[in-house]
Amino acid sequence: MGELRMSSDHGALVDTFGRVHRDMRVSLTDRCSLRCTYCMPADFADWIPRDHLLSTDEMMLVLEVATEMGINQMRLTGGEPLLRPDVVDVVRRLTALPNAPKISLTSNGLQLPKLAKDLADAGLERVNVSLDTLDPQRFKEMTHRDRFDDVIAGIEAAKEAGLLPVKVNAVLLRGINDDEAVPLLRHALANDWKLRFIEQMPLDAGGLWARPAMVTADETMKMLTTEFELTPVPGRGSAPAEEFYVDGGPATVGIIASVSRPFCAACDRLRLTADGQFRNCLFAQDETDVMSLVRDESLSEDEIRRGVASILTKVTAAKLPGHGINDPAFIQPTRPMSAIGG
Ligand code: SAM
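Going by my numbering, the residue at position 123 of the sequence shown is 1567; the numbering climbs one at a time, nothing skipped.
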């Protein structure tokens, strides 16, 4: 694609705090097949119009420039990324780039029985599947869909396809599923899932998040240590999860304490939304439009590539030191997690 390789012309994506950005979260769609209560209202219908979504060619151009600027890991997300009809092709094209990044994907698992093998063959390395409960009835109440068995089948399909280790993400909600920390970990250990608990963040479309209702990482640890011995795994790097060996290992459990123990100082992530906006943080108030640039017919492809590189440099430079959730002046982003890309 294009005559010019930008990597020789542009430096790495370094912000004013010295953080080097190597990871990009790429939202493939804002649509989802579940309606998790803490993410999307049951009657949510405020979808991005289809012609406002980046086409796959447009997305590839943007992401290729990102790889030339040092992005070497991409996580495909959404909404539900497996609802994008050409998701396998997206993975294949990304892994065929000259500076091919490692590709992982976050999914609700429902389409994995159908797609896991093709995704693995296309070069996908790993999946994270979201599952908050082991109780099918509770699953239905928490997601507004009766699809528990399909998620379990999806996790199994990912394992069979060799997308290992399968990480399973769980959000605990007070009074809803916070009695499941220990059962979820027991089940994860028995089934070779790498379980991670994520603190609930203020990113729901309904603006219903409330700090007292959030199950903190400390509370989760307290529940887990009633049954398991947890010892820290050293060398976290830029990973969101604090990892702990369970009963001496080798199995581990992760805790993502985005709110109570933010890890912004080591953040190396940038985001591209399905409608072509760059964000430098999940909680950023600003987005930078790259869609209009890639659709500008007055520009040559090289001019567009230079423009993408320039936007990425500026977006990175503008990154704040932290997400600010704990500041009194914090304002929840106007777009929900499903539209930003979780
Ligand atoms: N549909 C995919 C899935 O279910 O994993 C990918 C998108 S989803 C937004 C990605 C992750 O964000 C899921 O693990 C989900 O549980 C989590 N999530 C959504 N809203 C959240 C919130 N308000 N706080 C914490 N995690 C949230």
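Every residue, glycine too, gets a C-beta built ideally from N, C-alpha and C.
Here the structure is a predicted model, which means the values were calculated and not measured.
Which two residues bound the contiguous beta strand (DSSP E) that contains residue i?
i     : result
Q1581 : First-last for Q1581: P1580 to T1587, but that is the alpha helix (DSSP H), not the beta strand (DSSP E).
T1717 : Looking at the DSSP string, T1717 is not in any beta strand (DSSP E), and its letter there is neither H nor E.
P1646 : No beta strand (DSSP E) contains P1646, which DSSP labels as neither H nor E.
S1702 : Premise fails: S1702 is in no beta strand (DSSP E) and is neither H nor E.
F1688 : E1686 to V1690
S1682 : Neither: S1682 is in no beta strand (DSSP E) and is coded neither H nor E.
P1676 : L1674 to P1676
T1670 : That residue, T1670, is in no beta strand (DSSP E); it is neither H nor E in DSSP.
G1549 : What sits at residue 1549 in the sequence shown is Leu, not Gly. Here the beta strand (DSSP E) through L1549 covers K1546 to S1551.
Taking 8 Å as the cut-off, is the beta-carbon of residue i closer than that to any non-hydrogen atom of the ligand SAM?
i     : result
P1609 : no
V1464 : no
G1522 : yes
S1551 : yes
E1643 : yes
N1613 : yes
N1572 : yes
P1684 : no
Y1482 : yes
W1637 : no
M1518 : no
P1646 : yes
W1491 : no
D1467 : no
G1786 : yes
K1557 : The amino acid occupying residue 1557 in the given sequence is Pro; Lys does not appear at that position. P1557: no, Cβ never under 8 Å from the ligand SAM.
C1416 : With the chain covering 1445 to 1786 only, the question about residue 1416 has no answer from this structure.
S1702 : yes
S1433 : Nothing about residue 1433 can be read from this structure; the chain reaches only from 1445 to 1786.
D1576 : yes
P1525 : yes
Going by Cα to Cα distance, which pick from the options is closest to residue i?
i     : options                       : result
A1486 : S1702, A1649, L1764 and T1675 : A1649
F1727 : A1783, V1458 and A1625        : A1783
S1548 : L1617, M1586, K1758 and L1472 : L1472
G1567 : Q1555, D1594, R1536 and L1556 : R1536
A1683 : C1708, K1546 and G1720        : C1708
G1553 : G1692, P1525, D1662 and A1544 : P1525
Y1482 : E1585, L1527, G1679 and L1497 : E1585
A1753 : V1659, P1772 and F1722        : F1722
G1786 : E1745, I1748 and L1714        : L1714
S1704 : G1766, E1747 and E1569        : G1766
L1498 : H1588, M1513, D1530 and Q1581 : D1530
A1762 : D1730, K1546 and I1748        : D1730
N1621 : L1652, R1475, M1667 and D1474 : M1667
N1770 : E1745, S1742, A1654 and K1561 : A1654
P1627 : V1697, A1657 and E1512        : V1697
D1565 : A1602, S1551, F1583 and I1699 : A1602
W1637 : A1695, T1460, P1557 and D1712 : A1695
R1570 : V1734, P1609, V1534 and H1588 : P1609
F1461 : R1618, T1760, P1772 and I1775 : T1760
G1523 : A1560, L1478, A1661 and E1600 : L1478
A1456 : G1514, V1470 and C1480        : G1514
A1605 : F1488, L1563 and V1573        : L1563
L1559 : G1693, M1484, V1532 and T1757 : V1532
A1510 : D1593, K1758 and I1775        : K1758
I1748 : D1474, L1507, S1551 and T1660 : L1507
L1616 : G1598, D1593, F1641 and I1596 : F1641
N1724 : L1764, T1670 and I1596        : L1764
F1774 : M1645, D1746, R1528 and R1680 : M1645
In terms of residue numbering, what span does the alpha helix (DSSP H) encompassing residue i cover?
i     : result
G1786 : Neither: G1786 is in no alpha helix (DSSP H) and is coded neither H nor E.
I1775 : Taken as a continuous stretch (DSSP letters only), I1775 belongs to no alpha helix (DSSP H), as it is neither H nor E.
V1659 : Note, V1659: premise wrong, no alpha helix (DSSP H); not H, not E.
V1531 : V1531 to T1539
Which residue spans inside the stretch 1461-1524 form an unbroken beta strand (DSSP E) run of at least 3?
1467-1473 and 1517-1522
So does the stretch 1624-1633 actually touch the stretch 1465-1483, counting three or more Cβ pairs closer than 8 Å?
no
To test your reading of the DSSP string, which unbroken beta strand (DSSP E) runs of 3 or more residues are found completely within the stretch 1566-1643?
1570-1574, 1611-1615 and 1638-1642
Identify every run of the alpha helix (DSSP H) within the stretch 1725-1764, keeping only runs that are complete inside it and at least 4 residues long; order them along the chain.
1735-1738 and 1745-1761
Is there contact between the stretch 1509-1520 and the stretch 1767-1782, where contact requires at least three CB pairs shorter than 8 Å?
no
Three or more beta-carbon pairs under 8 Å between the stretch 1540-1556 and the stretch 1577-1585, yes or no?
no
Counting Cβ pairs closer than 8 Å, one from the stretch 1502-1512 and one from the stretch 1736-1746, do we hit at least three?
yes
Could you tell me whether the stretch 1688-1698 touches the stretch 1657-1676, using the rule of 3 or more Cβ pairs below 8 Å?
yes
For the stretch 1713-1720 against the stretch 1489-1498, are there 3 or more C-beta pairs whose distance is under 8 Å?
yes
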